[in-house]
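Before any comments, here is the structure.
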Amino acid sequence: MSKSVIPGVFIAGAASAIFYSWYKSRHSVPLPPGPTGNFLLGNALDLASVESVWLKFAEYTDEYGPLTTVRIINQNMFLIDDPHLVSELFEKRAANYSEKVVSEMAKLIGWDKDILLLPYGPLLKRYRTMLNRALNNRVALDYIPLQQKEVQKFMKRLTETPDDFMAHVRLLASSIAIRIGYGYEVGSYDDPLVQTAEEHMAHFSECLQYWKWMVDIFPLLRLLPSWLPIAPFQRRAREANRVFTLHRDRPFEYAAGTAEDSFTSKLLLTEDGKPVDEETEKHVRCIAATLYAAGSDTTVSIVQSFFLAMALYPEIQAKAQAEVDSFLNHSANEGSHRMLHPRDRPNLPYTSALVRELFRWHPVVTLDGHRSSHEDDLNVVSGGKAYRIPARSSLIANLWKIMHNPEVYEQPETFMPERYLSENPPPDPENYAFGFGRRICPGMHIAQQSVWISISNLLANFTVTKAKDKNGVEIIPEERYTSGIVSHPFPFQCTITPKSGMKEWIHGLVE
């Protein structure tokens with residue numbers, strides 16, 4: 000053998016040995032267990048046929064453990080229903096698990112540039128710094144008078160057309176988000192800005208279900224032209240992009256041309272009061288559009304769930320009303336009635352527990368998806384065993400399952416605020432509701448204020464009962480929720496009646 004060949008053989012052999020050692024060590028740590036599924040499609044068909052995918056995920060983890068592998072074609076998803084493991088990965092190991100799952104459908108629409116889906120890096124850090132400047136817990140207090148005013152208008156609408164309460168709730172959330180975000184006062188549900196925002200959120204909730212769209216399972220389908228019958232996702236993506244562009248640009252142009260104080264107007268000025276540069280203005284335009292998603296859908300889902308829960312559990316409503324009425328009647332120097340404020344929450348423990356239970360009973364976000372970074376994690380411990388999470392993998396925290404664990408929340412299917420008033424209460428669901436670690440919702444303080452102001456004042460001024468049919472028989476509403484990324488109750492009926500004298504009081508506030 001030639002002497003010149005020997006070093007090459009040695010190098011190749013050494014490289015092979017190193018590669019084999021790396022490969023063996025990498026694959027000596029197993030993936031978490033999970034259902035086998037179809038040879039080609041994995042578990043894709045199982046997921047495509049279910050209405051509430053979080054329930055199917057719960058079935059998997061019940062059978063295979065709190066860390067379960069699910070395969071869709073050649074992609075693995077890792078399901079987690081252990082809150083300690085969620086905290087370990089998404090918070091303590093945030094450097095490796097702060098990416099969000101960005102589907103092919105999201106990329107087609109253009110949402111991969113949205114702050115909710117941006118990769119963790121300098122741009123996202125800049126965006127979150129800007130959001131924190133305008134939405135932190137201290138600044139959020141400045142928005143309370145505005146939120147109270149919108150709740151007053153919401154209650155007035157309930158006295159006039161109570162059967163339209165589902166739409167009134169959506170208008171309430173839209174009005175708060177658009178007023179805070181852009182300084183624009185919404186007149187009605189038919190307002191173009193409201194309709195565009197609602198349409199955008201409908202697309203957002205449905206199109207991010209990455210187990211639902213064929214292009215997310217077969218990414219090369221993104222190359223198909225939109226006119227092909229087998230490419231309906233292309234047409235949906237084009238329409239969603241059109242709506243997203245309107246949702247981003249129309250209200251921004253209003254805010255940029257008005258002196259009204261708003262989230263946007265704050266960010267269009269530097270801290271010393273000078274106009275920002277052109278690049279920063281583009282960033283403000285993008286992140287302002289996120290405000291609607293950052294808190295408004297939480298308000299919609301929780302307040303609609305409140306009406307459902309009160310219709311189904313009248314005894315709980317009566318307890319909360321008694322607490323609220325007693326507090327208002329004994330409020331010093333403020334008369335017998337007033338608008339309740341977030342500062343009143345510590346004095347209303349049962350009502351506060353009721354709000355916590357609403358976040359748990361039917362979570363707004365049932366599944367929270369993160370993605371691992373560019374390195375394999377070979378030490379993910381679950382059930383005393385170490386498992387491997389490959390780089391660039393999707394991890395799904397099943398928040399619904401976490402908050403329906405019977406070992407933590409007794410009788411989880413039952414609406415039971417009392418569980419938080421015991422000596423050893425279970426974890427507060429609001430700690431799960433707004434995400435984890437570096438991806439926690441920046442609008443959480445605004446959303447929490449909106450929810451509290453809405454629900455406490457509804458208890459103070461209205462009574463919710465079951466609707467009756469034409470024969471006077473009570474209609475029991477069904478606990479059925481949409482399957483989008485953000486989950487809401489399906490439309491249901493209930494009767495909403497102002498308490499004695501409250502209709503006049505509410506009208507006096509608004510007029």
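As numbered in numbering that gives the first Met the number 0, residues 0 to 510 make up the sequence shown, in order.
We treat Cβ as the ideally placed atom computed from N, Cα and C, and that holds for glycine.
Residue i, enclosing alpha helix (DSSP H) - first and last residue
i	result
residue 497	Careful: residue 497 lies outside any alpha helix (DSSP H), inside the beta strand (DSSP E) at 494 to 497.
residue 435	Neither: residue 435 is in no alpha helix (DSSP H) and is coded neither H nor E.
residue 202	191 to 206
residue 509	501 to 509
residue 104	103 to 108
residue 590	Here the chain covers residues 0 to 510 and nothing more, so residue 590 does not appear.
residue 157	143 to 159
residue 215	213 to 216
Close-in-space but distant-in-sequence residues of the same chain around residue i (CB under 7 Å, 5 per side omitted)
i	result
residue 299	168, 169, 172, 487
residue 253	181, 183
residue 289	113, 114, 115
residue 318	349
residue 207	102, 105, 484
residue 427	355
As assigned by DSSP and simplified to three states, the class of residue i
i	result
residue 239	helix
residue 131	helix
residue 259	coil
residue 461	strand
residue 395	strand
residue 55	helix
residue 41	strand
residue 124	helix
residue 480	strand
residue 274	strand
residue 268	strand
residue 20	Low local confidence applies: a pLDDT of 41 at residue 20 is under 50, so the model's placement there is unreliable, with the coordinate-based value given in what follows. If DSSP states are grouped into helix, strand and coil, residue 20 belongs with the helices.
residue 409	coil
residue 252	helix
residue 424	coil
residue 345	helix
residue 34	coil
residue 281	helix
Check: residue i C-beta below 8 Å from any heavy atom of the ligand SAH
i	result
residue 43	Of the ligands one can find in the structure shown there are none, so the ligand SAH has no counterpart to examine.
Assigned exposure category for residue i - 16 Cβ within 10 Å defines buried
i	result
residue 489	exposed
residue 359	buried
residue 505	buried
residue 409	exposed
residue 420	exposed
residue 329	exposed
residue 235	buried
residue 135	exposed
residue 21	Confidence in residue 21 is poor, its pLDDT being 44 and thus under 50, which makes the residue's placement unreliable; the coordinate value appears in the next sentence. Its Cβ having fewer than 16 others within 10 Å, residue 21 is exposed.
residue 24	With a pLDDT of 46 at residue 24, under the threshold of 50, the modelled position of that residue is not reliable, and the figure given next carries that caveat. Exposed, because fewer than 16 other Cβ atoms sit within 10 Å of the Cβ of residue 24.
residue 82	buried
residue 364	buried
residue 407	exposed
residue 127	buried
residue 380	exposed
residue 306	buried
residue 94	exposed
residue 475	exposed
residue 456	buried
residue 470	exposed
residue 271	exposed
Nearest-angstrom Cβ-Cβ length linking residue i and residue j, presumed shorter than 8 Å
i	j	result
residue 367	residue 434	6 Å
residue 373	residue 100	Not quite, the Cβ-Cβ distance comes to about 15 Å (not below 8 Å), so this is no contact.
residue 452	residue 339	7 Å
residue 195	residue 249	7 Å
residue 414	residue 315	7 Å
residue 382	residue 65	7 Å
residue 450	residue 297	7 Å
Nonlocal neighbours in the same chain, by C-beta distance under 6 Å from residue i, ignoring five residues either side
i	result
residue 377	28, 387
residue 188	166, 170
residue 151	508, 509
residue 245	195
residue 462	496
residue 110	116
Segment limits, beta strand (DSSP E) that includes residue i
i	result
residue 384	384 to 388
residue 70	66 to 71
residue 379	376 to 381
residue 74	74 to 79
residue 368	366 to 370
Any C-beta of chain C under 9 Å from that of residue i
i	result
residue 166	Here there is only one protein chain, and chain C is not present.
Same chain only: Cβ atoms within 8 Å of residue i, ignoring 5 sequence neighbours per side
i	result
residue 98	118, 119, 369, 370, 371, 372
residue 57	80, 397, 399, 400, 403
residue 283	129, 251, 263, 266, 267, 275
residue 197	169, 173
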